[in-house]
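Asker: Residue numbers (the numbering used here): 15 to 526. The C-beta atom is built at its ideal place from N, Cα and C for all residues, glycine as well. The structure displayed is predicted, hence computed values, not measured ones.
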Amino acid sequence: MKLLVLLALFGLGLAQHDPHIKHGRTTIVHLFEWRWADIAAECERFLGPKGFGGVQISPPNEHIILNSPWRPWWQRYQPISYNLCSRSGSEDELRDMITRCNNVGVNIYVDVVINHMCGVTGGEGTHSSCGSWFNADKRDFPSVPYSSLDFNDNKCRTSSGDIENYGDKYQVRDCRLVGLLDLALEKDYVRGKVADYLNKLIDIGVAGFRVDASKHMWPGDVDVVYRRLNNLNTKWFPGGSRAFIFQEVIDLGGEGISTGEYFHLGRVTEFKYSAKLGTIFRRWNGEKLCYTRNWGEGWGFMPNSNAVVFVDNHDNQRGHGAGGASIVTFWDSRLHKMAVGYMLAHPYGVTRVMSSFRWNRHIVNGKDQNDWVGPPSYSDGSTKPVPVFPDQTCGDGWVCEHRWRQITNMVIFRNVVNGQPHTNWWDNQSNQVAFGRGDRGFIVFNNDDWDLDVTLNTGLPGGTYCDVISGQKEGSSCTGKQIHVGSDGRAHFKISNSEEDPFVAIHAESKL
Ligand code: AAO
Numbered sequence: 015m016k017l018l019v020l021l022a023l024f025g026l027g028l029a030q031h032d033p034h035i036k037h038g039r040t041t042i043v044h045l046f047e048w049r050w051a052d053i054a055a056e057c058e059r060f061l062g063p064k065g066f067g068g069v070q071i072s073p074p075n076e077h078i079i080l081n082s083p084w085r086p087w088w089q090r091y092q093p094i095s096y097n098l099c100s101r102s103g104s105e106d107e108l109r110d111m112i113t114r115c116n117n118v119g120v121n122i123y124v125d126v127v128i129n130h131m132c133g134v135t136g137g138e139g140t141h142s143s144c145g146s147w148f149n150a151d152k153r154d155f156p157s158v159p160y161s162s163l164d165f166n167d168n169k170c171r172t173s174s175g176d177i178e179n180y181g182d183k184y185q186v187r188d189c190r191l192v193g194l195l196d197l198a199l200e201k202d203y204v205r206g207k208v209a210d211y212l213n214k215l216i217d218i219g220v221a222g223f224r225v226d227a228s229k230h231m232w233p234g235d236v237d238v239v240y241r242r243l244n245n246l247n248t249k250w251f252p253g254g255s256r257a258f259i260f261q262e263v264i265d266l267g268g269e270g271i272s273t274g275e276y277f278h279l280g281r282v283t284e285f286k287y288s289a290k291l292g293t294i295f296r297r298w299n300g301e302k303l304c305y306t307r308n309w310g311e312g313w314g315f316m317p318n319s320n321a322v323v324f325v326d327n328h329d330n331q332r333g334h335g336a337g338g339a340s341i342v343t344f345w346d347s348r349l350h351k352m353a354v355g356y357m358l359a360h361p362y363g364v365t366r367v368m369s370s371f372r373w374n375r376h377i378v379n380g381k382d383q384n385d386w387v388g389p390p391s392y393s394d395g396s397t398k399p400v401p402v403f404p405d406q407t408c409g410d411g412w413v414c415e416h417r418w419r420q421i422t423n424m425v426i427f428r429n430v431v432n433g434q435p436h437t438n439w440w441d442n443q444s445n446q447v448a449f450g451r452g453d454r455g456f457i458v459f460n461n462d463d464w465d466l467d468v469t470l471n472t473g474l475p476g477g478t479y480c481d482v483i484s485g486q487k488e489g490s491s492c493t494g495k496q497i498h499v500g501s502d503g504r505a506h507f508k509i510s511n512s513e514e515d516p517f518v519a520i521h522a523e524s525k526l
């Protein structure tokens, strides 16, 4: 009996590690701050057809509206209630988007902010995205409702009431993260309100959650919440499917809390991956691409079955969170394409691609003064739609990295090689490396300051393949470089260090 219970518990835990991605797809894109109407259209016109597995959406619940600074992106990380109206749109628009994305096989993962409500300085009034009244001083959020009884003010042991020392796990979990009113998740009432919110989203049809600030919640508390979650909606998911849970825990080592405390609950963000990959592609600290031969667990990253990986996220692309200046973002587009290409070619982790908006960077002494700037907006603060041009690019400040040919094609590459082992490694003991994925795909990088000119064993069947970085296969022709693989699997590669994109990728479906 004991064994059965253990097995059931273990099974429940593992189930929350599965993103339930459909049709052999593999990758999630974070459409940061996009409106629901635009995400719905993007699922139908681009993400479904191009083989994206899912979208991480910005927090859909009611949030504070701030004027100083003016409508920062981070106002959405300050909940006022669990009503579903936000800067991205209304509840009806959210429901419509979830339905339309599910109908084309693209899952929706919701960024849920359940550790806290708004900041302690949030004031009193109806400056919230659905217009609900609240009073931060009095801890009064009648639209949930939460009252002063539902916060950790008495549990926190720092004089400021804020987290002062990340080495102390009690502070990190019982005190306020940057002044954000910390919910008492040990209370059954609070757990119930949070579970109701997540269940409402599950019933509408989402596939899972990115759980914000998981490090700041006790694993035992969130475990209770996760156990109360409904199974996914059987209109789109097999009966008995559990929500995919991936938890935001920043652990670069050396603090009181480690990612391992959350492994049994779901997947976890691997921030070391993002920080290291940036350092490698920038060739900082003596790092070289050839050292990534044992990339993944060999680098001290968490077990593959737990990891969600990314090159940059919405925080560290602008100096928030962790990783610092090494992070490679769209601002360094050439390096970014290579780093994302590397991530998508490599078997480790569940991969998430970032899709950003532009802002006017203004860096003074290493800090971006405009790190707060919100999405492209009209003068009334409402978010602008994402215009898409015939050449597939986006306008009005939306970057749409996921639409860059090199990145889209590597998302497809990852689907084509899914399940294949990491094979046929080659390196020049510097920054030129190549590896394959069984007999389904092969990729070659040149991040050195000289040309790459080498014949390699690709593991692919003989034939002519179209490079999906410099171009792509269109019908029976190729708009990019052609690579000839001999009957022995060997092919000659030449990549100048001055090319626009100094890497080449070929796969089973790019064979001409
Ligand atoms: C805003 C204002 C604040 C104001 C507050 C309340 O900026 O001045 O006090 O409102 O009025 C986002 C923004 C915040 C914003 C907040 C609410 O980033 O600026 O505050 O919305 O509007 C920690 C957490 C992590 C969190 C990250 C930003 O652990 O969970 O900070 N990320 C999520 C979201 C994020 C959001 C929130 C959480 C809140 O993704 O968008 O905040 O909902 C160390 C720790 C990390 C810690 C960082 C930063 O990291 O390990 O756990 O992250 O510090 O405090 C090296 C170290 C590395 C270290 C890093 C930075 O890299 O190796 O460990 O340095 O020191």
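So the alpha helix (DSSP H) alanine 209 belongs to, where does it begin and stop?
Answerer: 202-218 is the extent of the alpha helix (DSSP H) around alanine 209.
Asker: Just to confirm the assignment, what range does the alpha helix (DSSP H) spanning methionine 352 have?
Answerer: Per DSSP, methionine 352 belongs to the alpha helix (DSSP H) from 347-359.
Asker: With a CB to CB cut of under 6 Å and the five nearest residues on each side skipped, what residues in its chain are close to valine 263?
Answerer: Closer than 6 Å at Cβ, skipping near neighbours: Ser228, Lys229, Thr273, Tyr276, Val282.
Asker: Would you call the stretch 147-160 and the stretch 178-192 touching, i.e. three or more CB-CB distances under 8 Å?
Answerer: The answer is no - the stretch 178-192 does not touch the stretch 147-160, with fewer than three Cβ pairs under 8 Å.
Asker: Return the first residue and the last residue of the alpha helix (DSSP H) that methionine 111 is part of.
Answerer: Taken as a continuous stretch (DSSP letters only), the alpha helix (DSSP H) holding methionine 111 covers 105-117.
Asker: State buried or exposed for glycine 68, treating a residue as buried only when at least 16 other CB atoms are found within 10 Å of its CB.
Answerer: It counts as buried.
Asker: Please classify leucine 303 as buried or exposed, where buried requires at least 16 neighbouring CB atoms within 10 angstroms.
Answerer: Buried, since its Cβ has 16 or more Cβ neighbours within 10 Å.
Asker: Which residue from Asn245, Leu197, Thr248, Asn213 puts its Cα closest to that of tryptophan 232?
Answerer: That would be Leu197, whose Cα lies nearest to the Cα of tryptophan 232.
Asker: Cutting at 7 Å between CB atoms, please list the residues of its own chain near glutamate 311, excluding the five before and the five after it.
Answerer: Excluding sequence neighbours, glutamate 311 sits near Pro317, Asn318.
Asker: Between leucine 291 and arginine 241, what straight-line distance do the alpha-carbon atoms span, to the nearest angstrom?
Answerer: Each residue's alpha carbon lies about 35 Å from the other.
Asker: Measure the Cβ-Cβ separation of histidine 130 and leucine 195 and say whether it is below 7 Å.
Answerer: Result yes, Cβ atoms of histidine 130 and leucine 195 sit closer than 7 Å.
Asker: Mapping DSSP to helix, strand and coil, what is glycine 197?
Answerer: One point to set straight first is that residue 197 is leucine, not glycine, in the sequence displayed. Strand, per DSSP.
Asker: Could you spell out the range, first to last residue, of the alpha helix (DSSP H) harbouring leucine 291?
Answerer: Run containing leucine 291: 285-296, per the alpha helix (DSSP H) assignment.
Asker: Go ahead and pull the three-state DSSP assignment for lysine 302.
Answerer: Three-state DSSP puts lysine 302 in coil, outside helix and strand.
Asker: Leaving aside the five residues before and after histidine 376 along the sequence, list all residues of the same chain whose C-beta is less than 7 Å from its C-beta, in chain order.
Answerer: Hits under 7 Å: Asp382, Gln383, Asn384.
Asker: Relative to the C-alpha of asparagine 12, which candidate in Thr397, Gly489, Val458, Asn471 has its C-alpha closest?
Answerer: Residue 12 lies beyond the residue range present for the chain, which begins at 15 and ends at 526; the question has no answer from this structure.
Asker: Quick one: what does DSSP say serine 512 is sitting in, helix, strand or coil?
Answerer: Residue state, collapsed to three classes: coil.
Asker: Going by the DSSP bridge assignment, what does aspartate 382 pair with across the sheet?
Answerer: According to DSSP, aspartate 382 bridges with Ile377.
Asker: Can you find at least 3 beta carbon pairs, one from the stretch 424-435 and one from the stretch 449-458, that sit closer than 8 Å?
Answerer: These segments touch.
Asker: On the DSSP letters alone, give me the boundaries of the beta strand (DSSP E) that aspartate 125 sits inside.
Answerer: Its beta strand (DSSP E) spans residues 121-126.
Asker: Can you look up glycine 338 in the DSSP assignment and give me helix, strand or coil?
Answerer: Glycine 338 falls in the helix class under three-state DSSP.
Asker: In whole angstroms, what separates the C-alpha of serine 100 from that of arginine 90?
Answerer: Cα to Cα, the separation comes out at about 8 Å.
Asker: Confirm, please, whether the CB-CB distance from valine 120 to leucine 61 is below 7 Å.
Answerer: For leucine 61 and valine 120, yes; Cβs fall inside 7 Å.
Asker: Give me, in chain order, the residues of the same chain whose beta-carbon lies closer than 8 Å to that of aspartate 226; leave out the 5 immediate sequence neighbours on both sides.
Answerer: Excluding sequence neighbours, aspartate 226 sits near Pro73, Tyr91, Asp125, Val126, Val127, Ile128, Asn129, Glu262.
Asker: By how many angstroms is the C-alpha of phenylalanine 66 removed from the C-alpha of histidine 34?
Answerer: Taking the straight line from one Cα to the other gives about 13 Å.
Asker: Residues in the same chain with beta-carbon distance under 6 Å from asparagine 81, minus the five sequence neighbours each way, listed in chain order, please.
Answerer: So the list is empty, once near-sequence residues are dropped.
Asker: Which term fits tryptophan 412, buried or exposed, when burial requires 16 or more other beta carbons within 10 angstroms of its beta carbon?
Answerer: Buried is the call here.
Asker: My output table needs one value for aspartate 235: the three-state DSSP class, helix, strand or coil.
Answerer: Reduced to three states, the DSSP call for aspartate 235 is helix.
Asker: If you draw a straight line from the alpha carbon of tryptophan 88 to that of glycine 473, how long is it in whole angstroms?
Answerer: Their Cα atoms are separated by approximately 47 Å.
Asker: Using a Cβ-based criterion (distance less than 6 Å to any ligand heavy atom), does tryptophan 88 qualify as near the ligand AAO?
Answerer: Yes; taking the cut-off as 6 Å, the Cβ of tryptophan 88 has a heavy atom of the ligand AAO nearer than that.
Asker: Among residues of its own chain, excluding the 5 on either side of glycine 137, which ones have a beta-carbon nearer than 7 Å to its beta-carbon?
Answerer: Ala150, listed in sequence order.
Asker: Does at least one heavy atom of the ligand AAO sit under 6 Å from the Cβ of glycine 193?
Answerer: Glycine 193: yes, Cβ under 6 Å from the ligand AAO.
Asker: If you run the structure through DSSP and keep just helix, strand and coil, what is histidine 416?
Answerer: If DSSP states are grouped into helix, strand and coil, histidine 416 belongs with the helices.
Asker: Where in the stretch 384-456 do unbroken runs of the beta strand (DSSP E), each at least 3 residues long, occur, reported from the N-terminal end onward?
Answerer: DSSP runs (the beta strand (DSSP E)) wholly in the stretch 384-456: 436-441, 446-451.
Asker: Does the Cβ-Cβ distance between valine 186 and isoleucine 259 come in under 7 Å?
Answerer: No, the pair does not count as a contact, with Cβ atoms beyond the cut-off.
Asker: Heavy atom of the ligand AAO less than 6 Å from the Cβ of aspartate 382, yes or no?
Answerer: Not under cutoff, so the answer is no.
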